[in-house]
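Asks:
In UniProt numbering, the protein residues as written are 1 to 125.
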């Protein structure tokens, strides 16, 4: 079966979230970038996995390493392709400045998970 219509819902067994030919983002511990779904496979439990193309190479992965590619990605990519070398240098510098000025992402648990009603730390489950 093909991809379900709602990207946020979990696909049913035998369904895949992504379809053949779909452009996606591939994320691993060392890489985040564009990819294309070459083929959809299903394991014995009917859980989908994918053959994708990343940087001209094929590899296999699962839903956990893929994300939908937004229309905004395509729009920005198309705009970048039309830029001169000088403009590309300015865009690169702008993005580097954005990354440098962005506050660090710190994940802190909510206060409610740190203490129970008596002011004591909550047990970790």
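Idealized CB from N, CA, C, for every residue including glycine.
As the structure is a prediction and not an experimental result, all values here were calculated from the model.
(1) Using C-beta distances below 7 angstroms, list every residue in its chain close to residue 26, excluding the 5 sequence neighbours before and after it, in chain order.
(2) Could you have a look at residue 35 and say whether DSSP puts it in helix, strand or coil?
(3) Figure out for me which residue from 14, 38, 29 has the closest Cα to the Cα of residue 20.
(4) Hey, residue 104 and residue 48 are a contact pair by Cβ (cut 8 angstroms); roughly how many whole angstroms apart?
(5) If I'm right that residue 91 touches residue 83 with Cβ under 8 angstroms, what's the distance once you round it to whole angstroms?
(6) Kindly indicate which residue of 95, 41, 28 has the alpha-carbon position closest to the one of residue 13.
Replies: The structure says:
(1) 33, 35, 52, 54, 61, 65, 66
(2) Residue 35 carries a strand assignment under DSSP once its states are collapsed to helix, strand and coil.
(3) 38
(4) The beta carbons of residue 104 and residue 48 sit about 35 angstroms from each other, so the pair does not count as a contact at 8 angstroms.
(5) 7 angstroms
(6) 41
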